[in-house]
Each structure stands twice: as C-alpha cells, then as structure tokens.
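**Student:** The following block contains the structure, expressed as structure tokens.
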Amino acid sequence: MAKDQGYDMDFLLGYNSSSPSNYNILGESKENMNSPDQTKEGEFVNKKRNREIVTGGEGTNGKYIDSDHEMHLSIERERRKKMKDMYSSLQSLLPPRPSKGDKSTIVEAAVNYIKDLEQTREKLEKKKQEMSQCASALKQIMATSKSNEKPKVAFDRTWAASNMVMNICGDEAQISICTAHKQGIMTHIASVLHNHSIDVISATIANANGQTSMIQFHGKQASGANSAEETYKQVAAEIMPWIA
Numbered sequence: 001m002a003k004d005q006g007y008d009m010d011f012l013l014g015y016n017s018s019s020p021s022n023y024n025i026l027g028e029s030k031e032n033m034n035s036p037d038q039t040k041e042g043e044f045v046n047k048k049r050n051r052e053i054v055t056g057g058e059g060t061n062g063k064y065i066d067s068d069h070e071m072h073l074s075i076e077r078e079r080r081k082k083m084k085d086m087y088s089s090l091q092s093l094l095p096p097r098p099s100k101g102d103k104s105t106i107v108e109a110a111v112n113y114i115k116d117l118e119q120t121r122e123k124l125e126k127k128k129q130e131m132s133q134c135a136s137a138l139k140q141i142m143a144t145s146k147s148n149e150k151p152k153v154a155f156d157r158t159w160a161a162s163n164m165v166m167n168i169c170g171d172e173a174q175i176s177i178c179t180a181h182k183q184g185i186m187t188h189i190a191s192v193l194h195n196h197s198i199d200v201i202s203a204t205i206a207n208a209n210g211q212t213s214m215i216q217f218h219g220k221q222a223s224g225a226n227s228a229e230e231t232y233k234q235v236a237a238e239i240m241p242w243i244a
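Mind the numbering: the sequence shown is residues 1 to 244 in UniProt numbering, read in order.
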C-alpha cells in the first residue's frame, strides 16, 4: 500500500518537473488571460490614429475630405461674389438710386421702375395711335377744304408743332389742330381768337372715333396793331396747353 502511494507521488513529481510543455501551456494560458485587455488597448490606439488621420488631414482619406471642403467653400465664395456683382449692376441701372443698398430694397425698386416703364410705353403707344388718327383725319379735312374753298391763298410761312400746323400769309393764317376730344376746347379757341382781334373766315371740325378731334380754321387779323406773324404765334402759344 505504501509502495503504491510512493509510486503515485513519484509519478506526480515526475510529471511536474519533467513536463516543460505543460509548463509552457500554463504560461501561455496566463498570457492569454491578459490578451483581451491588450487587444482593446491596441484597438483604441488604432482608432485614435485613424481619427487623427481624418481630422488632421494626414493620409489619403483626410486629404480627400479637406479637398472637397475647400472646393465647396471656393464655389460658395464665387457664387456670393457673382450675386453681389449682379445686385450692384441692377442698382446702377435704377434712375433714382435707393438710399439703402440691401438686396430687398434693390429688387423692389427695380420692380417699381419696370412698372413705370410699362405705363410710359402704354401712354406713348396710345399717343402714337392718336397722332396717326389725327394725320389721317387731317388729310381728309384738307382734301375737303380744298374742294370747297373758292379763293386760294398762297401761304409763305409755316410753323409746325407736334399736333398743330400754322400757315401764315400777310394778315391771314390757316391753323390745323389735332387733339384728343376735350370738352370746351372750341370755346377756348374762339376766346383766344377774339382776344387777338382775329376774324374767322372759315372753320372745319371733325371727330374721329369719338376720341380725336380735328380742327381747322382760316382767320384774318382785323387790326394791324401788331405784326400778323407775332399775333398768330401768340395765338398758337395760348392754344397749345389745351391740345398738348
């Protein structure tokens, strides 16, 4: 029995002392017990390095990120500069420059200016149409008056405005007027002629489309206090505000 126990002890001692492989296995197991912490620490270091590469611009990925960001900034700066130049150009085209230079004020002033231009264009188109109608009606009146008038007067001086033509010969004059239809215009013309002592020899009045009036009269100065030419020019000057 004692012999068997001694054998067992020798076997155990022999196993422990003569088994380096087993010792290495135990040593390796100790190293393996510490390896998870070391692995985590290595991963943390790698992540930190990667983060430094991205944020610091070191390495391929970091350079790409910085390059794209700079490109976007450059495009945005160019866009803002272009918009600023366009607003400045728009502001320079406005006749009354806005006191404020902010964008909303410039745009509002430009819109109002465009509306004013459109209204002016409409007024000019309307006036052009009226003058065209006046010219057509004047031709008809001139043709009618020529066929009806008996004595022919050779007028040697002519004075013309946008909507009035005056021919003068001695103390006589023929005045043709084209104007928009207005109440009281004939009364005013008759009053002016009377104040300057001009007798009306003949008068013709025509109305085109109810909007335009054609007036033509042949007058003669009754008294020679002033020169006929100066008198008729004064008559024309007093009539013009009513037909302008």
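Quick reminder that beta carbons are idealized off the backbone N, C-alpha and C, glycines included. Because the structure is a prediction, the values reported are computed rather than measured.
So, at 6 Å on beta carbons, what are the nonlocal neighbours of A203 in its own chain, with the 5 sequence-adjacent residues on each side left out?
**Tutor:** A distance below 6 Å between beta-carbons, with the five flanking residues on each side excluded, links A203 to the following residues of its chain, in chain order: F217.
**Student:** Could you compute how far the alpha carbon of E230 sits from the alpha carbon of I175?
**Tutor:** The alpha-carbon atoms of E230 and I175 are separated by roughly 14 Å.
**Student:** Distance check for K123 and S227, CA to CA, integer angstroms please.
**Tutor:** Using only the alpha carbons, I get a separation of about 39 Å.
**Student:** Identify, in the order they occur along the chain, each residue of the same chain with its Cβ nearer than 7 Å to the Cβ of Q221, setting aside the five sequence neighbours on each side.
**Tutor:** D171, S197, I198, A228 and T231
**Student:** Since I177 contacts I201 with CB under 8 Å, what's their CB separation in whole angstroms?
**Tutor:** The Cβ separation is near 16 Å, so there is no contact.
**Student:** As an exercise, report each continuous beta strand (DSSP E) stretch of at least 3 residues that is fully enclosed by the UniProt domain "BHLH" (67-117), in chain order.
**Tutor:** none
**Student:** Return yes when the Cβ of A173 is within less than 8 Å of the Cβ of T164, no when it is not.
**Tutor:** It is Met, not Thr, that sits at residue 164 in the sequence shown. The answer is no: Cβ separation not under 8 Å.
**Student:** What do you get for A109, buried or exposed, if any count of 16 or more other CB atoms within 10 angstroms of its CB means buried?
**Tutor:** buried
**Student:** Between the Cα of T179 and the Cα atoms of L193, R121, I239 and T120, which residue gives the shortest distance?
**Tutor:** I239
**Student:** Three-state secondary structure (DSSP) at Q174?
**Tutor:** strand
**Student:** Tell me the rounded alpha-carbon separation between D102 and N112.
**Tutor:** Approximately 16 Å, taken between the alpha carbons.
**Student:** Helix, strand or coil: which one does DSSP assign to Q123?
**Tutor:** Checking the displayed sequence, the identity of residue 123 turns out to be Lys instead of Gln. In the structure shown, K123 adopts helical secondary structure according to DSSP, grouped into three states.
**Student:** Which residues in the same chain as S213 place their Cβ atom closer than 6 Å to its Cβ, once the five residues preceding and following it in sequence are excluded?
**Tutor:** T179, H181 and N207.
**Student:** In three-state terms, what does DSSP make of N22?
**Tutor:** With a pLDDT of only 44 at N22, under 50, the local geometry of the prediction cannot be trusted, and no value is derived from it.
**Student:** Quick one: is G219 buried, meaning 16 or more other Cβ sit within 10 Å of its Cβ, or exposed?
**Tutor:** Counting Cβ neighbours within 10 Å, G219 comes out buried, since at least 16 surround it.
**Student:** Rounded to whole angstroms, what's the CA-CA distance from T187 to L93? Just pull it up for me.
**Tutor:** 46 Å
**Student:** Tell me, please, which residues DSSP counts as bridged to W159.
**Tutor:** M166
**Student:** Measuring only the C-alpha atoms, how far is D68 from S88?
**Tutor:** 30 Å
**Student:** Bridge partners for H218 per DSSP, in chain order?
**Tutor:** Q174 and S202
**Student:** Would you kindly work out how many angstroms separate the C-alpha atoms of A160 and E78, rounded to a whole number?
**Tutor:** A160 and E78 have their C-alpha atoms roughly 58 Å apart.
**Student:** Using the Cα positions of H194 and P241, report the straight-line distance between them to the nearest angstrom.
**Tutor:** 18 Å
**Student:** Label A237 either buried or exposed according to how many other C-beta atoms from any shown protein chain fall within 10 Å of its C-beta, with 16 as the threshold for buried.
**Tutor:** Exposed, by the Cβ-count rule.
**Student:** How long is the line joining the alpha carbons of D116 and I106, rounded to whole angstroms?
**Tutor:** 15 Å
**Student:** Just to confirm my understanding: we take E28, look at its own chain, exclude 5 residues before and 5 after, and list those with CB closer than 7 Å. What are they?
**Tutor:** With a pLDDT of 44 at E28, under the threshold of 50, the modelled position of that residue is not reliable, and the figure given next carries that caveat. There are no such residues.
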